[in-house]
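Accompanying notes for the structure given below.
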Amino acid sequence: MSPAPPEPRTFESLVAEAEAAPTEGWDFSWFEGRATEQRPSWGYQRLMGERMAGARAALDIQTGGGEVLAGVPGRPPLCVATEAWPPNVAKATALLHPLGTVVVADPEEPPLPFADGAFDLVVSRHPVKAYFTEIARVLAPGGTYFAQHVGPASCFELVEYFLGRQPDDVRGARHPDLERAEAEAAGLEIVDLRLERLRMDFYDIGAVVHFLRKVIWMVPGFTVDAYRPQLRALHDRIEHDGHFRAHSTRFLIEARKRK
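Counted the way the UniProt record's numbering counts, the sequence shown spans residues 1 to 259.
Take a look at the structure:
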């Protein structure tokens with residue numbers, strides 16, 4: 001006799017599991033089998049590793065838990081990472097120090113705690129904001145900024161489910177054309193700029209809760225108690241449709257400081 005199929009998970013059990021899950025770092029393995037996100041075609045970590053291999057001094061801004069930087073094959077003789085959130089600082093330190101990378105606890109706002117022209121390579125994956133004037137200041141002449149940024153209206157199907165339709169200026173923020181203009185005004189020359197819209201699927205309400213607890217700027221101040229009716233309705237929708245679909249936007253930017 002075949003075993004009985006497992007009982008479906010309840011709303012309360014899925015939410016309780018997601019609320020108990022740790023949120024530090026940028027390890028998204030918790031979502032395996034529960035949510036998927038299409039990856040950009042360019043392969044940021046691989047390309048970053050290629051640039052790291054040719055650098056003498058590199059800075060990774062807003063490194064999170066250090067997972068992306070730790071995943072490249074090698075780092076230059078001088079490699080530094082910054083991070084603002086204390087749990088991530090601790091996680092990045094434990095991960096990156098054995099690899100010869102110094103982790104500096106630093107607010108996300110300027111100034112960066114480094115001298116002018118200290119690095120020939122600055123990288124960042126999904127910075128909250130790129131302060132191009134500071135990036136240009138710490139880059140040596142001819143140095144490169146190489147990053148993957150979150151683009152406009154990313155995952156806004158989910159954001160607007162909870163917060164309602166957002167103003168056009170909010171939806172248009174983070175557009176690559178705006179960041180191109182900021183970079184060029186800071187004295188950087190754009191070498192490459194590519195934007196892609198990517199599919200995201202959430203397969204249970206626990207994945208939604210964990211995502212909003214982890215990526216805290218999506219729905220500021222999110223708690224389960226504050227949004228319980230909306231979460232329960234979304235749970236029912238996912239149970240009926242099999243998933244909740246949203247779309248992320250990402251853009252690759254490579255810029256060079258003029259000599």
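Here a beta-carbon is modelled for each residue, glycine too, at the ideal position from N, C-alpha and C.
Beyond the five residues adjoining it in sequence on each side, R213 comes within less than 6 angstroms, by CB distance, of T23 in the same chain, given in chain order.
By alpha-carbon distance to R194, the top candidate from T249, F211 and L158 is T249.
Take I61, set aside five residues on each side of it, and the residues of its chain with a beta-carbon closer than 7 angstroms to its own are T82, V122, S124 and P127, in chain order. When DSSP states are grouped into helix, strand and coil, H235 belongs to the helix group. Rounded to whole angstroms, the separation of the alpha carbons of I135 and P113 is 11 angstroms.
Taken through DSSP and simplified to helix, strand or coil, K257 comes out as strand. In this structure the segment 217-225 lies against the segment 142-160, because at least three pairs of beta carbons, one per stretch, are closer than 8 angstroms. Considering only E109, A207, C79 and Y227, the residue with the shortest C-alpha distance to S13 is A207.
Excluding residues up to 5 positions away in sequence, F11, V15, I205, V208, V209 and V224 lie with their Cβ nearer than 8 angstroms to the Cβ of L231 in the same chain.
Checking the DSSP bridge columns, you'll see Y145 partnered with V122 and A255.
In the structure shown, T93 adopts helical secondary structure according to DSSP, grouped into three states. Assignment of S29 by DSSP, reduced to helix, strand and coil, places it in the helix class. By the beta-carbon neighbour count (other beta carbons within 10 angstroms, threshold 16), V138 is buried. Contact annotation: A57 and D120 have beta-carbon atoms nearer than 8 angstroms. Distance from the Cα of E184 is smallest, within the candidate group A153, R171, A130 and D169, for A130.
Straight across, the Cα-Cα distance linking V68 with Q45 is about 7 angstroms.
For M200, the enclosing beta strand (DSSP E) stretches over residues L188 to F202.
Of R9, V150, G65 and L47, the smallest CA-CA separation from F28 is found for G65.
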